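In what follows, a structure is listed as structure tokens, so that the remarks can point back to it.
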Amino acid sequence: KELIRQSYKSHPYFNKDFLEYFYEVDRDKTYFSSLMVCFIKKIFNFLKINLQNNFIFASDLIFDSEVTSGPIFLKDLIISTGVKTYLTGKNAIQYGLIDELNKDNIKCKIHYDNISKYSQGSQKSFIPYMGFIDALFSMGPDWLGYEITKEINLDNDI
Numbered sequence: 127k128e129l130i131r132q133s134y135k136s137h138p139y140f141n142k143d144f145l146e147y148f149y150e151v152d153r154d155k156t157y158f159s160s161l162m163v164c165f166i167k168k169i170f171n172f173l174k175i176n177l178q179n180n181f182i183f184a185s186d187l188i189f190d191s192e193v194t195s196g197p198i199f200l201k202d203l204i205i206s207t208g209v210k211t212y213l214t215g216k217n218a219i220q221y222g223l224i225d226e227l228n229k230d231n232i233k234c235k236i237h238y239d240n241i242s243k244y245s246q247g248s249q250k251s252f253i254p255y256m257g258f259i260d261a262l263f264s265m266g267p268d269w270l271g272y273e274i275t276k277e278i279n280l281d282n283d284i
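Take the sequence shown: its position 154, counted from the start at 1, is 280 in this note's numbering, and no numbers get skipped.
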């Protein structure tokens, strides 16, 4: 927390109250994924964005699979949720997941990043994937809220 404060204290939208709020989490979270969900919910709450879906942890699902890893395992997990369309990142192409999903008539939509460039303090060139704290403290909550809720770029026919 102190490192973030030192790094961003001179940014135009630095908010020490948000930093305190963000770090008030249940430190007894067993899994990293649980902690990340807690952080995501806090971000949406802070930005006053209605989070319309609950999170489903793969570890909570009970399903049968002949394998314990790889694209067939992931396909079996996806089928167990009952979804008809799966949203994924572009790495699914190389991973072989799309081919497996197509075998079971599950549509796959790929999300392609459409990162808006913004001023990052004294940084001369834009560095992508710096995280929401960088965008929040550099551009403010209104801008970050817009970026989070804008229409995503999907390739629908994979």
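Virtual Cβ for every residue (Gly too), placed ideally from N, Cα, C.
Bear in mind the structure is a predicted one, so any value in this text is a computation, not a measurement.
| Check | Outcome |
| --- | --- |
| The stretch 133 to 152 contacting the stretch 248 to 268, beta-carbon criterion three pairs below 8 Å | yes |
| Coil, strand or helix - Y212 by DSSP | strand |
| Residues near K210 by beta carbon distance below 7 Å, same chain, minus five either side | I232, K233 |
| Alpha-carbon spacing of L280 relative to I241, whole angstroms | 14 Å |
| Boundaries of the beta strand (DSSP E) in which Y238 is found, first to last residue | 233 to 238 |
| Nearest-angstrom beta carbon gap, D202 and F189 [assumed within contact, 8 Å] | 6 Å |
| One or two residues paired with L280 in a DSSP bridge | H237 |
| Any 3 or more C-beta pairs closer than 8 Å across the stretch 213 to 229 and the stretch 170 to 186 | no |
| Touching by the beta-carbon criterion (3+ pairs, under 8 Å), the stretch 161 to 176 and the stretch 139 to 150 | yes |
| Between the CA atoms of E277 and P254 - distance to the nearest angstrom | 19 Å |
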